[in-house]
Every structure is written in structure tokens, then in C-alpha cells.
Amino acid sequence: MRRLLTLLACALGAGLWAQTTRSADEWLTAMFNAYSQPLPAQQKATVSVVMTTSRNPQGEVIQRFVYTYTLEAPAKLNLTVQNTLMNTTTRVQSDGQRLTVQAPNRQPQEVLIANSGLALLEQLVAQDVVPTYDMVFVFGGKTKQEEFRKQVSQLKIVSEDEKQVVITGKIRNERNRDDDLRLVLDKATARLRVFQVTTQVKIEGTDGAFTLLMEFEPQKMEPREPIAPTKP
136 MRRLLTLLAC ALGAGLWAQT TRSADEWLTA MFNAYSQPLP AQQKATVSVV
186 MTTSRNPQGE VIQRFVYTYT LEAPAKLNLT VQNTLMNTTT RVQSDGQRLT
236 VQAPNRQPQE VLIANSGLAL LEQLVAQDVV PTYDMVFVFG GKTKQEEFRK
286 QVSQLKIVSE DEKQVVITGK IRNERNRDDD LRLVLDKATA RLRVFQVTTQ
336 VKIEGTDGAF TLLMEFEPQK MEPREPIAPT KP
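Residues in the sequence shown are numbered from 136 upward in steps of one, following the numbering used here.
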């Protein structure tokens, strides 16, 4: 999970497709608009870290987590994180006022977030839970969206069809260097299907890379009871 946190820090249908041509920057704006909608969303995502070396150019998955969650602005979240390599589960719940984290081999943690999406994101990181980028854009709102826009450059559309658009570019990391960025957006909704950042590094003296890969699978919303407030 720490490796994920480090990399994170470093890091419409066919008819509309026929009628509308957007630039990469316009698709970025459309994505932000999609994540600014107030409706709750249910989601499944696979978050992986892949290490590539000269000895293993195909890459090796060194961390993999399956996220199942519902999120609702400004600060409501029900999240289960399964570590598929370690076979452990972390559960996160926020009713907007309090965030509770139940992680393996740790006492449950509860912190106040006062209906602040930014506070929720900060506390997730503090509790070693990597927020997916849809969480960043929903809970961080305009602040995180514009921060992301300032970090990216050289955006271009590399492929596009009636179902999806693929955008590549650069994203500035915490070392003030540019990493490789790849976004795959759903054409109908402008939401993320894939978020990928690749950092070039030296591994045992040779060229290598770490790739943070987030793959999203939107789920059908099921009726659910409102999140009950946590007792003081």
C-alpha cells in the first residue's frame, strides 16, 4: 500500500460520437464535469502496481487491490479493499461526519471529517488507503480537479472509437519530473475506465519502471439504506 501511496503522490453513444469531436483538453473538462454530478455512484476498481525491468519486460504485479465502493459528494463513502496478494481486507465507512477504518492487525480508527471531501481524502491517505482517482475528483471537487489540470501536459488523443477515447500525456510528480500518463475514458459518460501512471526508475542499476494502474468497472446501483451516523 505504501508503494501505491508513493506512486499516487508522484503521481455517449454512437450518435454523439458521430456529431462531436473533442480535443484532449475538452475531454478532461468533460471528465471533471461527470465527476461533479451530485448523484451517488457504485464502482468496482482494480488497483495494481506493476514493476518492469530489463529481465522482465512484461512486468510483474507486486501489489494488487480490488476496491468495491459507493461514493457520494461531499464526503460519503462505503469502501471494501481486498489485497489479493496478501488475502486481507480493509473496510472504510464515512457518513460524511466521521470516517471509520478497519484494517488488518490494527485497531479500528475513527476521525472527524466534518462533511469535507478534502478532509476525507487526507484521512484516507493517512490511514494507508489509496484513494482512486474518481474519489479524488468527486471528493476533492474543483480544488483537486484544477490541481490535476496543472500537473498534466502534452495531452493528446491517441485513439478513439464509438465506445472510448484514449488520451496520453505527462503528469508532474513530487520530484518535479514528468511521468507518463494514460487515460481511457468511457465515451458515453466521460468517466474513467483506466488511469495509468508510469514512473521510469533505476532498478538494480538498470532501467526499469513502476506503473500505477487503476481499472474501473462501473456497477449497477442497488437500492440501499442511508449510511447511519456513527454514535459519538
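Don't be surprised by glycine CBs; every beta carbon is placed ideally from N, CA and C. Given the structure is predicted, the values throughout are model-derived calculations rather than measurements.
Check                                                                                                                                            : Outcome
Inside the region 251-323 only - beta strand (DSSP E) runs reaching at least 3 residues                                                          : 287-295, 299-307 and 313-321
Backbone CA spacing between leucine 88 and leucine 327 [nearest angstrom]                                                                        : Any question about residue 88 goes unanswered here, given that the chain covers just 136 to 367.
Whole-angstrom C-beta distance between tryptophan 162 and leucine 409, which should lie under 8 angstroms                                        : Here the chain has residues from 136 to 367 only, and residue 409 is not among them.
Coil, strand or helix - asparagine 218 by DSSP                                                                                                   : strand
Euclidean distance between Cα positions of valine 196 and glutamine 258                                                                          : 27 angstroms
Counted within 10 angstroms of its Cβ, other Cβ atoms place proline 266 as buried (16 or more) or exposed                                        : buried
Residue environment, glycine 340, which counts as buried when at least 16 other CB atoms sit within 10 Å                                         : exposed
CA nearest to the CA of glutamate 350, picked from Ala169, Phe200 and Ser158                                                                     : Phe200
Where asparagine 168 falls: helix, strand or coil (DSSP)                                                                                         : helix
Which listed residue (Ala325, Gln331, Ala261 and Thr334) has its alpha carbon closest to that of alanine 238                                     : Ala261
Straight-line Cα distance separating glycine 304 from lysine 332                                                                                 : Here the sequence assigns valine to residue 332, which means lysine is not the residue at that position. Using only the alpha carbons, I get a separation of about 10 angstroms.
When Lys277, Gln286 and Ala344 are compared against glycine 194, the one with the closest alpha-carbon                                           : Ala344
Under 7 angstroms between C-beta atoms of leucine 247 and glycine 275                                                                            : no
Alanine 344 - DSSP class collapsed to helix/strand/coil                                                                                          : strand
Top-ranked residue by Cα proximity to glutamine 289, from Ile302, Lys279 and Asp230                                                              : Ile302
Contacts around glutamine 335, its chain only, beta-carbon distance under 6 angstroms, and the 5 residues preceding and following it disregarded : Ala344
Cα-Cα separation between isoleucine 338 and serine 189, rounded to whole angstroms                                                               : 9 angstroms
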